[in-house]
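Contents: one structure, followed by commentary.
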Ligand SMILES: Cc1cc2nc3c(=O)[nH]c(=O)nc-3n(C[C@H](O)[C@H](O)[C@H](O)COP(=O)(O)O)c2cc1C
């Protein structure tokens, strides 16, 4: 088979290096707004090993001391490697925000969001729209890297393939990330116009791996640990970023850690084990947010945890209104602890999917010029909901 690249030898895969930061298992919990708060990161970390990224916060909000933004920067006592995703469109604000994260919050990793497809964000040229302005992208990355460098904190970027198939940006973004001193680039194999629809294009991840020297993290449609191994094998990615697959399934991180250690583990919890995990999740949320807010936050996770189980509509509705931990205990006690895991759910997509967007909302004339050096965008303190 002359000329063919050998597949990696079977067995344990080496960990991931992001600049000076060493991650033993090459697995990253994807930043997910409204999900990856301190409680959820701790819950996932109790299961596996990897890097657990805080939900996205806005640079300007942080720099201006916005209370809501500061409130999101909560870390668990056991969270020794603090990782935060920043959103921003203004190089100066992003640089200052990176400095604050390093100096005041002791973060060990900063990721920058250039993938958000939400119209409110792309309308202003932010998120997934921004890499189209290559000069501006470079300026933002350079400011972040320069601010984090004295603290030896690696900066990474996370992006999509492009705005749509006619406006792909990821290869240029990879080169710019590398030239700007980023420690890695994560690629979600969809365009902005696709949002979460269709299938993630892993070939694009492979193309980016071939295009840059910095580590590439592959993202999109990892539902089971075996998918992660397949992605690494097919693309040569240095690691994987897992989002929707772990919604209501924090034990996926246990399976992922095992898979990268060369073992095959597929955790199939009974409903009793799932309710114990739900209780733990709610407890951690209440610990970090207080009981009222914690229970409220927990409600959105109920359908994810119970996906495929027999629990009836009335039970799901009541759990979706849960207000105290005592309420939660009462309700969970009514579920059959011996009900087996619904194996039909394995490998199936979960979380948001939906249809492609009709079009990507962009600033006037955005696509006319792909350079954008010195281009300035108005950045608001609190303008995005992530994605
Ligand atoms: C609820 C939710 C919130 C998200 N918020 C963010 C975010 O704040 N920043 C970001 O870069 N990506 C965000 N994403 C995208 C994910 O990080 C990830 O790129 C995407 O879900 C594809 O990976 P997956 O197929 O493993 O889910 C979000 C996704 C979901 C489902």
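Numbering (this note's numbering), first residue to last: 4 to 390. Heads up, the beta-carbon is just placed ideally off N, CA and C, and yes, glycines get one too.
Integer Cβ distance of residue i from residue j, believed to fall under 8 Å
i, j, result
"residue 369", "residue 50", "The pair is not a contact, with the Cβ atoms about 41 Å apart (cut-off 8 Å)."
"residue 118", "residue 250", "At roughly 18 Å, the Cβ-Cβ gap does not stay under 8 Å, so residue 118 and residue 250 are not in contact."
"residue 114", "residue 56", "6 Å"
"residue 153", "residue 186", "That pair is no contact at about 15 Å."
"residue 224", "residue 203", "4 Å"
"residue 210", "residue 174", "7 Å"
"residue 212", "residue 167", "At roughly 22 Å, the Cβ-Cβ gap does not stay under 8 Å, so residue 212 and residue 167 are not in contact."
"residue 140", "residue 103", "That belief does not hold up - the Cβ atoms of residue 140 and residue 103 are roughly 21 Å apart, past 8 Å."
"residue 101", "residue 151", "5 Å"
Contacting residues, own chain, Cβ-Cβ under 6 Å from residue i (five flanking each side not counted)
i, result
"residue 146", "94, 97 and 98"
"residue 189", "161, 220, 222 and 244"
"residue 207", "164 and 192"
"residue 288", "42, 297, 300 and 301"
Residues near residue i by beta carbon distance below 8 Å, same chain, minus five either side
i, result
"residue 320", "none"
"residue 34", "56, 57, 58, 59, 88, 114, 116, 161 and 389"
"residue 347", "311"
"residue 374", "136, 137 and 138"
"residue 6", "Its pLDDT being 42, under 50, residue 6 is placed unreliably by the model, and the measurement read from it follows with that caveat. Counting only Cβ-Cβ distances below 8 Å, and skipping sequence neighbours, we find nothing."
"residue 306", "251, 319 and 323"
Environment of residue i [buried if 16+ CB atoms lie within 10 Å]
i, result
"residue 53", "buried"
"residue 350", "exposed"
"residue 176", "buried"
"residue 258", "buried"
"residue 72", "buried"
"residue 236", "exposed"
"residue 164", "buried"
"residue 4", "The predicted position of residue 4 is uncertain, since its pLDDT is 37 and thus under 50; a value taken from the coordinates is nonetheless stated next. With fewer than 16 Cβ atoms within 10 Å of its Cβ, residue 4 is classed as exposed."
Contacts around residue i, its chain only, beta-carbon distance under 7 Å, and the 5 residues preceding and following it disregarded
i, result
"residue 148", "158, 183, 184 and 185"
"residue 29", "16, 18, 19, 241, 242, 243 and 263"
"residue 45", "79, 81, 82 and 287"
"residue 314", "338"
"residue 133", "92, 117, 139 and 140"
Contact test: residue i Cβ vs ligand 3 heavy atom, cutoff 7 Å
i, result
"residue 224", "Ligands present in the displayed structure are limited to ligand 1, and ligand 3 is not among them."
Original post:
Would you say the region 264-272 touches the region 206-224, given that touching needs at least three Cβ pairs under 8 Å?
Top reply: no
Subject >> Segments of 4+ residues assigned as alpha helix (DSSP H) that fall wholly inside the region 294-330 >> reply: 294-302, 305-309 and 316-322
Original post:
Which runs of the beta strand (DSSP E), 3 residues or longer, sit entirely within the region 78-134?
Top reply: Listed in chain order, the complete beta strand (DSSP E) runs (minimum 3 residues) inside the region 78-134 are 86-90 and 112-117.
Original post:
Unbroken alpha helix (DSSP H) runs of length 4 or more, entirely within the region 146-212: which are they?
Top reply: 173-183
**OP:** Could you say if the region 335-346 and the region 270-289 meet the contact criterion of at least three C-beta pairs nearer than 8 Å?
**Re:** yes
**OP:** Indicate whether the contact test is met: 3 or more Cβ pairs, each with one atom in the region 62-72 and one in the region 121-138, closer than 8 Å.
**Re:** no
**OP:** Please confirm if the region 78-87 is in contact with the region 325-332, defined as three or more CB-CB distances below 8 Å between the two stretches.
**Re:** Cβ pair count under 8 Å is below three, so no.
Subject >> In chain order, each alpha helix (DSSP H) run of at least 4 residues that lies wholly inside the region 242-269 >> reply: Counting only runs of 4 or more, we get 255-263.
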